[in-house]
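Asks: If you count the sequence shown from 1, position 445 lands on 445 in my numbering, and the numbers rise without skipping.
Quick one: the structure is below, questions incoming.
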Amino acid sequence: MTTDHAPILARLAELRADDLPVHGGRTMAYVYDSGLDGLEELANAAQAAFAGVNGLDMTAFPSVVELENDLVRRATALLGGTAGTFTSGGTESCLLAVLTARQHARRARGITAPELVLPETAHAAFHKAAELFGLTVVSVPVDPETFRVRPADVAAALTERTALVVVSAPSYAHGVIDPVAEVAAEAARRGVLCHVDACIGGWYLGHLKRADEGAHIPEFGLTVPGVTSLSVDLHKYGYTAKGASLLLFEDAELRRHGWFAHASWPGYPVVNSTLQGTKSAGPLAAAWAVTEQVGTDGYTALSTRVHRTTLALADGIERIDGLRLLARPEASLIAVASDDPELDVFVVADEMRGSGWYLQPQPAFGASPANLHLTVTAAVADEETVRLLLDAWEKAVARARAAGPVRIDPAIVEAAGALDPDALTPEEVEIALALAGVGEGGALPERMAPVLAVLQALPPRLSERLLPEVIGRLYRVR
Ligand SMILES: *Cc1c(COP(=O)(O)O)cnc(C)c1O
Numbered sequence: 001m002t003t004d005h006a007p008i009l010a011r012l013a014e015l016r017a018d019d020l021p022v023h024g025g026r027t028m029a030y031v032y033d034s035g036l037d038g039l040e041e042l043a044n045a046a047q048a049a050f051a052g053v054n055g056l057d058m059t060a061f062p063s064v065v066e067l068e069n070d071l072v073r074r075a076t077a078l079l080g081g082t083a084g085t086f087t088s089g090g091t092e093s094c095l096l097a098v099l100t101a102r103q104h105a106r107r108a109r110g111i112t113a114p115e116l117v118l119p120e121t122a123h124a125a126f127h128k129a130a131e132l133f134g135l136t137v138v139s140v141p142v143d144p145e146t147f148r149v150r151p152a153d154v155a156a157a158l159t160e161r162t163a164l165v166v167v168s169a170p171s172y173a174h175g176v177i178d179p180v181a182e183v184a185a186e187a188a189r190r191g192v193l194c195h196v197d198a199c200i201g202g203w204y205l206g207h208l209k210r211a212d213e214g215a216h217i218p219e220f221g222l223t224v225p226g227v228t229s230l231s232v233d234l235h236k237y238g239y240t241a242k243g244a245s246l247l248l249f250e251d252a253e254l255r256r257h258g259w260f261a262h263a264s265w266p267g268y269p270v271v272n273s274t275l276q277g278t279k280s281a282g283p284l285a286a287a288w289a290v291t292e293q294v295g296t297d298g299y300t301a302l303s304t305r306v307h308r309t310t311l312a313l314a315d316g317i318e319r320i321d322g323l324r325l326l327a328r329p330e331a332s333l334i335a336v337a338s339d340d341p342e343l344d345v346f347v348v349a350d351e352m353r354g355s356g357w358y359l360q361p362q363p364a365f366g367a368s369p370a371n372l373h374l375t376v377t378a379a380v381a382d383e384e385t386v387r388l389l390l391d392a393w394e395k396a397v398a399r400a401r402a403a404g405p406v407r408i409d410p411a412i413v414e415a416a417g418a419l420d421p422d423a424l425t426p427e428e429v430e431i432a433l434a435l436a437g438v439g440e441g442g443a444l445p446e447r448m449a450p451v452l453a454v455l456q457a458l459p460p461r462l463s464e465r466l467l468p469e470v471i472g473r474l475y476r477v478r
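Structure (structure tokens):
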């Protein structure tokens, strides 16, 4: 076997060239860049040192217990609670929160047909959890002006079968904080568990709250009476390597309900604290190293810079003719819609991408119109970058206005509305995808606005039937 790794590494580098950049702040979704010198090198070194360690058996690898306890201690000092579990990411934390609540409802309350009360703005991961773990979702509308759930609406949705109610701090789509204290109090009054999804905002808001700039932030953690669990992602505003999140609990007695133990087989005795079996301790070690290095004061400084930048960007965007913010940002997320029918925000996104900025399109849903989502991280938190970004916005808006909005044939939408998503034939799938502009070859079109325009005009259940077909084409191996 050759020891020359150069061609293999060169191929990997070549593949990466087509991806969005993960540094520099120009990719305003999916990636989180602290902008701090040397931090990624530290994370990589820690990851490499622990890559082969298996978190499956904490008795064989006691280092993982130490690292996890340190991280949970750091997180509970910030956000309350007395116990926690390190997971592979926000989705796994949300899944485990729901699983824990379902088991608790079964064992402690005898509930066999559990319900999960979700504001319309709750993250998709909770719908995934309901589907995987057999809970019925009770969806609660949000205030169409503020996009926050109303405590009275949640109260009305609670039943004898409610296993868990979820609130967000903040919600991903609009970046606003649900009324945590009011909802948690109502849940507690009814003996129902309450989870705060602080996946994206917990680390950021928790640290910002320590600074003068964050004095106005309401309590949202496990310090709030009635809150029983909270998820916070380290691979977002902890700026750690991907594969790192924490699920915190009010106490270890609740946490145990989500753990899986098995002794009824001929193999080793099993205790799994997460959904995975064998798991690399690499992301855990990277998260530990990065949080040790940055520290509480370091994160507070990063949050403060991001806060100021978010406000500056929000003000600048609002001043651009034709754009409006869906909500005043309460964290580091901005959702930008258009109030001009001739200005299509998805065309703006394509134009922005052409000039090197990735903004995330969010199709219209319920009271929420089509909009663009910006996740502000520390890497854009300097005046020069903000100026460049606002300048790019202004130019993209001008070009999008000149190009005009994507118009779709109402007849197509009507025909699509008549389709039964569960009964589509492969031929009908082909026709539907061709109408959406997705070709047979599998490659996605250069400009996404026409695809998104069709997508948001379809009933969500039809989109849910078609989206895996689109992605499935990318994964065809022949
Ligand atoms: C990111 C996020 C999640 C899911 O986390 P992943 O790490 O992407 O799996 C859940 N809830 C909120 C509010 C999020 O922002």
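From the three backbone atoms N, C-alpha and C, an ideal C-beta is built for every residue, glycine too.
Please state if the CB of Val166 and the CB of Pro119 are separated by a distance shorter than 9 Å.
Replies: Against a cut-off of 9 Å, the Cβ pair of Val166 and Pro119 comes out as a contact.
Asks: Under three-state DSSP, which class holds Glu330?
Replies: Three-state DSSP puts Glu330 in coil, outside helix and strand.
Asks: Return yes when the Cβ of Gly24 is within less than 9 Å of the Cβ of Ala392, no when it is not.
Replies: Contact: no.
Asks: Counting only the same chain and skipping the five closest in sequence on each side, list residues whose C-beta sits under 6 Å from that of Gly206.
Replies: Only Leu78 and Leu79 meet the Cβ criterion.
Asks: Quick check on the DSSP output: what are the complete alpha helix (DSSP H) runs of length 4 or more inside the stretch 300–358, in order along the chain?
Replies: Entirely contained in the stretch 300–358, the alpha helix (DSSP H) runs reaching 4 residues are, in chain order, 345–354.
Asks: What span of residues does the alpha helix (DSSP H) with Pro460 cover, start to end?
Replies: Taken as a continuous stretch (DSSP letters only), the alpha helix (DSSP H) holding Pro460 covers Pro460 to Leu474.
Asks: Out of Ser303, Phe147 and Leu333, which one is the CA nearest neighbour of Gly35?
Replies: Looking at the Cα atoms, Ser303 is the closest of the given residues.
Asks: Could you tell me how far apart the beta carbons of Thr136 and Glu115 are, in whole angstroms, since I believe they sit closer than 8 Å?
Replies: About 5 Å separates the two Cβ atoms, so the contact holds.
Asks: Do you know whose CA, among Asp420, Thr85, Phe50 and Leu467, lies nearest Asp251's CA?
Replies: Closest option to Asp251, Cα to Cα, is Thr85.
Asks: Cα-Cα, which of Leu234, Pro459, Phe220 and Leu12 is closest to Ser93?
Replies: Closest option to Ser93, Cα to Cα, is Leu234.
Asks: Candidates Pro361, Ala198, Leu158 and Tyr204: which alpha carbon is nearest Arg190's?
Replies: The option with the nearest alpha carbon to Arg190 is Leu158.
Asks: Across which residues does DSSP place Ser229 in a beta bridge pair?
Replies: Answer is His195 and Phe249, bridged to Ser229.
Asks: Which two residues bound the contiguous beta strand (DSSP E) that contains Thr115?
Replies: The sequence shown places Glu at residue 115, rather than the Thr named in the question. Residues Glu115 to Pro119.
Asks: As a quick exercise: from Gly404, Val470, Ala449 and Val336, pick the residue whose alpha carbon is nearest that of Gly175.
Replies: Nearest of Gly404, Val470, Ala449 and Val336 to Gly175, Cα basis: Val336.
Asks: Please determine if the stretch 417–431 and the stretch 349–356 are in contact, where contact requires at least 3 C-beta pairs separated by less than 8 Å.
Replies: The stretch 417–431 is not in contact with the stretch 349–356.
Asks: Counting only beta-carbon atoms, is Leu208 nearer than 9 Å to chain C?
Replies: Judged by its chain identifiers, the structure shown contains no chain C, having just a single protein chain.
Asks: Would DSSP call Phe50 helix, strand or coil?
Replies: If DSSP states are grouped into helix, strand and coil, Phe50 belongs with the helices.
Asks: Output the residue ranges of the beta strand (DSSP E) runs that lie fully inside the stretch 268–304 and measure 3 residues or longer, sorted by chain position.
Replies: Correct list: 270–272.
Asks: Less than 9 Å separating the beta-carbons of Leu248 and Ala75?
Replies: In this structure, Ala75 lies closer than 9 Å to Leu248 by Cβ.
Asks: Under 6 Å Cβ to Cβ from Phe260, same chain only, skipping five residues before and after it: list those, please.
Replies: Contacts found: Asn272.
Asks: Where does His373 fall in DSSP's three states?
Replies: DSSP places His373 in strand when its eight states are reduced to three.
Asks: Give me the Cα-Cα distance between Tyr172 and Met1, rounded to the nearest whole angstrom.
Replies: When rounded, the distance between both Cα atoms is 48 Å.
Asks: Going by Cα to Cα distance, which pick from Phe126, Ala48 and Val192 is closest to Gly110?
Replies: Minimum Cα distance to Gly110 is reached at Val192.
Asks: By how many angstroms is the C-alpha of Arg210 removed from the C-alpha of Leu12?
Replies: Between Leu12 and Arg210, the C-alpha separation is close to 42 Å.
Asks: Please report the straight-line C-alpha distance between Gln276 and Leu56, rounded to a whole angstrom.
Replies: In a straight line, the C-alpha of Gln276 is about 8 Å away from that of Leu56.
Asks: Verify whether the separation of the beta carbon atoms of Phe126 and Ser368 is less than 9 Å.
Replies: No, the Cβ-Cβ distance between Phe126 and Ser368 is not below 9 Å.
Asks: Under 8 Å Cβ to Cβ from Trp288, same chain only, skipping five residues before and after it: list those, please.
Replies: Same-chain partners within the cutoff: Ala46, Leu67, Asp70 and Leu71.
Asks: With H, G and I counted as helix, E and B as strand and the rest as coil, what does DSSP make of Ala261?
Replies: Looking at Ala261 - three-state DSSP - the assignment turns out to be strand.
Asks: DSSP state of Ser139, grouped into three classes?
Replies: Strand.
Asks: Between Arg228 and ligand 1, is the CB less than 8 Å from at least one heavy atom?
Replies: According to the sequence shown, residue 228 is Thr rather than Arg. Every heavy atom of ligand 1 is 8 Å or more from the Cβ of Thr228, so no.
Asks: Pull the bridge partners of Thr558 from the DSSP assignment, please.
Replies: Residue 558 falls outside the range modelled here, since the chain spans only 1 to 478, and no answer is possible.
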